[in-house]
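Worksheet: the structure to be examined is printed underneath.
Chains as they are written, first to last, in our numbering: chain A, 1413 to 1525; chain B, 11 to 121.
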């Protein structure tokens, strides 16, 4: 149980375009989901916390207009990277909260050319 | 920043040897967890130690926690080549829900 999926696992997009990443809790409902970003050989940095039906809470330094987060249902949160630039290339990992535990998705590798 | 320190940043050992990784954090915590990440892959939860625990074992893993020093260590005994990965500590502060991650240790185990 407590499986979290992400789609796509890899995506390549051109500069200036937008890309959407989905995070789904497959066998449980998650009122809270988290988005992390990881640069190569670095640790995970929390970007934002999203609660179902309300606006996401962004960490300091994360542009909310660039990284749009929608948590429309108890099993789905989406992260949209708008007007992507090469510096947005990174590994994005989501997690879903259940009973005060967090379960992580497998990550999405974004490459912006 | 909530990010803590981990040392060493990189560790290279031979199969059969023990690997010890340390983690320091900055806030009061509810619990501390260790995760493993193979290159370019997702996280695998290894072990959780609560703030009122000092030591915990799971198979070849041994974790210690010293809340007075805000530090934890992960010991992998009798390492195997398959243990090659990055290891991260993560903690949840008493006032938060999200996990904060340490900088990680990259472990290389050579046959």
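In this text, a Cβ means the ideal position worked out from N, Cα and C, and glycines have one as well.
All figures in this text were calculated on a predicted structure; none of them were measured in a lab.
Query	Result
Other residues of its chain near residue 1490 of chain A: CB distance less than 6 Å, five sequence neighbours each side excluded	1432, 1434 and 1482
Length of the line joining the Cα atoms of residue 1573 of chain A and residue 79 of chain B	The structure shown does not extend to residue 1573 of chain A, since chain A is modelled only from 1413 to 1525, so the question has no answer here.
Minimum Cβ-Cβ distance from residue 1455 of chain A to chain B less than 8 Å	yes
Under the three-state DSSP convention, the category residue 11 of chain B falls into	Because the pLDDT at residue 11 of chain B is just 46, under 50, the model does not fix this residue reliably, and the value given afterwards should be weighed accordingly. Coil, per DSSP.
Own chain partners of residue 122 of chain B with C-beta closer than 6 Å, once the 5 adjacent residues on each side are dropped	Nothing about residue 122 of chain B can be read from this structure; chain B reaches only from 11 to 121.
Helix, strand or coil at residue 1460 of chain A according to DSSP, with G and I counted as helix	strand
Whole runs of the beta strand (DSSP E) within the region 1443 to 1513 of chain A, excluding any shorter than 3 residues	1444 to 1450, 1456 to 1463, 1479 to 1485, 1488 to 1493 and 1502 to 1510
Residue 97 of chain B versus residue 1480 of chain A - alpha carbon distance	30 Å
C-beta contact flag for residue 1429 of chain A and residue 1509 of chain A at 8 Å	no
Chain B contacts made by the region 1431 to 1450 of chain A, where a contact means CB separation under 9 Å	1444, 1446, 1448 and 1450
Same chain only: Cβ atoms within 8 Å of residue 49 of chain B, ignoring 5 sequence neighbours per side	95 and 96
Meets three-Cβ-pair contact criterion under 8 Å: the region 1490 to 1503 of chain A and the region 26 to 44 of chain B	no
N- and C-terminal bounds of the beta strand (DSSP E) containing residue 35 of chain B	Neither: residue 35 of chain B is in no beta strand (DSSP E) and is coded neither H nor E.
Three-state class that DSSP yields for residue 76 of chain B in the structure shown	strand
Residue 110 of chain B burial status per 10 Å Cβ neighbour count (16 or more: buried)	buried
Neighbour-count burial assignment, residue 1476 of chain A, 16 or more Cβ in a 10 Å radius	exposed
Whole-angstrom distance between residue 27 of chain B and residue 16 of chain B, CA atom to CA atom	20 Å
Option in B:65, B:107 and B:25 with minimal Cα separation from residue 76 of chain B	B:65
Contact set for residue 1418 of chain A: own chain, Cβ-Cβ below 7 Å, skip 5 residues either direction	1433, 1434, 1435, 1506, 1517, 1518, 1519 and 1520
Partners in chain B for residue 1516 of chain A, counting only beta-carbon separations shorter than 7 Å	52 and 53
Buried/exposed call for residue 29 of chain B, threshold 16 Cβ in 10 Å	buried
Start-to-end residues for the beta strand (DSSP E) that takes in residue 1440 of chain A	Counting along the chain, residue 1440 of chain A falls outside any beta strand (DSSP E), and DSSP gives it neither H nor E.
Residues of the region 105 to 117 of chain B whose Cβ lies closer than 8 Å to any Cβ of chain A, in chain order	107, 108, 109, 110, 111, 112, 113, 114 and 116
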